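Asks: Mind having a look at this structure? Questions to follow.
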Amino acid sequence: MTKKNAVSVNQLTKIYAKKSTNPIVALNELNLEVKEGEIFGLLGPNGAGKTTFINILSGTVIKTKGSVNVWGFNLDKNPREVRASIGIVPQEVNLDAFFSPRKLLELQAGLYGVPTKKRITDTILKMVSLEKQANSYSRSLSGGMKRRLLIAKALVHQPPILVLDEPTAGVDVELRKNLWKNVKNLNKQGVTIILTTHYLFEAQEMSDRIAILNKGNLVALDTTKNLLNKIKTKKIIFKINKPINLPQKKINGISFSLNSNNEITTTYERNKHKIEDIIGIIKNEGVEIIDISTDDGNLEDVFIQLTKN
Numbered sequence: 014m015t016k017k018n019a020v021s022v023n024q025l026t027k028i029y030a031k032k033s034t035n036p037i038v039a040l041n042e043l044n045l046e047v048k049e050g051e052i053f054g055l056l057g058p059n060g061a062g063k064t065t066f067i068n069i070l071s072g073t074v075i076k077t078k079g080s081v082n083v084w085g086f087n088l089d090k091n092p093r094e095v096r097a098s099i100g101i102v103p104q105e106v107n108l109d110a111f112f113s114p115r116k117l118l119e120l121q122a123g124l125y126g127v128p129t130k131k132r133i134t135d136t137i138l139k140m141v142s143l144e145k146q147a148n149s150y151s152r153s154l155s156g157g158m159k160r161r162l163l164i165a166k167a168l169v170h171q172p173p174i175l176v177l178d179e180p181t182a183g184v185d186v187e188l189r190k191n192l193w194k195n196v197k198n199l200n201k202q203g204v205t206i207i208l209t210t211h212y213l214f215e216a217q218e219m220s221d222r223i224a225i226l227n228k229g230n231l232v233a234l235d236t237t238k239n240l241l242n243k244i245k246t247k248k249i250i251f252k253i254n255k256p257i258n259l260p261q262k263k264i265n266g267i268s269f270s271l272n273s274n275n276e277i278t279t280t281y282e283r284n285k286h287k288i289e290d291i292i293g294i295i296k297n298e299g300v301e302i303i304d305i306s307t308d309d310g311n312l313e314d315v316f317i318q319l320t321k322n
């Protein structure tokens, strides 16, 4: 069964101060689709256009040109339906300190025009593991609870798409894992997730597909697996039994460097060399290899490769 597009944008462009001598092109003819039910990572350095893209979807920024369709609704023809189809979780924690999570969700549902009988406040509190804190003051919640409450606020109108804008910025490792677990659970329940993040490891762990923006341009759009396969270089670290006089050098296009712990780091192009050849070069130096560890690279390598130009 082919999945429909949850979000689809065509030639989406946003130019700030169009008539000035130095207009800023925040998005340049962007084409992409987010499939129903996937976790879609949107990456890019500061100023790449990620926030502009989200703000156009949420209706707080007006596009310069192009078309935007969300859950089958056209942004120009059905702006209200588009807004109803999306829940936005902002970067900033903006909660009223004197309201309880339950009251905040009820108030938010009222703002969306959700009738009292159709509200699912308790279900949402359970989804984000806040049922025990339902009646506490928001100011008494921990940082992680406040983040989860922001997700809960975005869910009150039961949108099929949830947009998380840098959800774990400034959050510790334990909390980040907890949030990832919550987001994955929501996704399992059928919510389509769009995730913008600075943490490349986060995108790698979470996303089915990833789009990389740079200066308003789409520089990559592929599955996480395919993007990782684009890394040309591979790194292997050999632990040896004694120091050898191996100055940093290249042999047949393979780079070698030795550190003080009797470890040799080799870097080579994965499609040009075999590991046996590298082991042979090291053994020719008259040493014994005690241990071998490999590093296949991560999304950071792809990101640097694609955005350095």
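In terms of this note's numbering, the sequence shown opens at residue 14 and continues consecutively. Ideal placement from N, C-alpha and C gives every residue a C-beta, glycine not left out. Bear in mind that the values here come from a model prediction, so they are computed numbers and not experimental data.
Use the C-beta contact count for glutamine 146: other C-beta atoms within 10 angstroms, 16 or more gives buried, fewer gives exposed.
Replies: buried
Asks: Just curious, the beta strand (DSSP E) that alanine 30 is in, first and last residue?
Replies: Counting along the chain, alanine 30 falls outside any beta strand (DSSP E), and DSSP gives it neither H nor E.
Asks: Hey, how far is the Cα of glutamate 119 from the Cα of alanine 233?
Replies: 40 Å
Asks: Who pairs with tyrosine 281 in a beta bridge, going by DSSP?
Replies: Lys247
Asks: Taking Cβ to Cβ, would you say leucine 117 is nearer than 8 Å to glycine 157?
Replies: no
Asks: What does the alpha-carbon distance come out to for the pair serine 153 and lysine 159?
Replies: 9 Å
Asks: Could you have a look at aspartate 290 and say whether DSSP puts it in helix, strand or coil?
Replies: helix
Asks: What's the C-alpha gap between proline 103 and arginine 161?
Replies: Proline 103 and arginine 161: Cα-Cα distance of roughly 11 Å.
Asks: Taking 8 Å as the threshold, find out whether the stretch 39 to 55 comes into contact with the stretch 215 to 230 through three or more Cβ pairs.
Replies: yes
Asks: Touching or not, the stretch 233 to 252 and the stretch 66 to 83, by the rule of three or more beta carbon pairs under 8 Å?
Replies: Cβ pair count under 8 Å is below three, so no.
Asks: How many angstroms separate the CA atom of proline 128 from the CA atom of tyrosine 212?
Replies: 39 Å
Asks: So the beta strand (DSSP E) threonine 236 belongs to, where does it begin and stop?
Replies: 230 to 236
Asks: Looking only at its own chain, which residues have a Cβ that is under 7 Å from the Cβ of isoleucine 305, when we skip the five neighbours before and after it?
Replies: Ile249, Phe251
Asks: Spatial neighbours of glycine 203 within its chain, please: C-beta separation below 7 Å, excluding the five flanking residues on both sides.
Replies: Gly50
Asks: With a cut-off of 8 Å, does the C-beta of isoleucine 303 fall near any C-beta of chain C?
Replies: Looking for chain C here will not work: only one protein chain is present.
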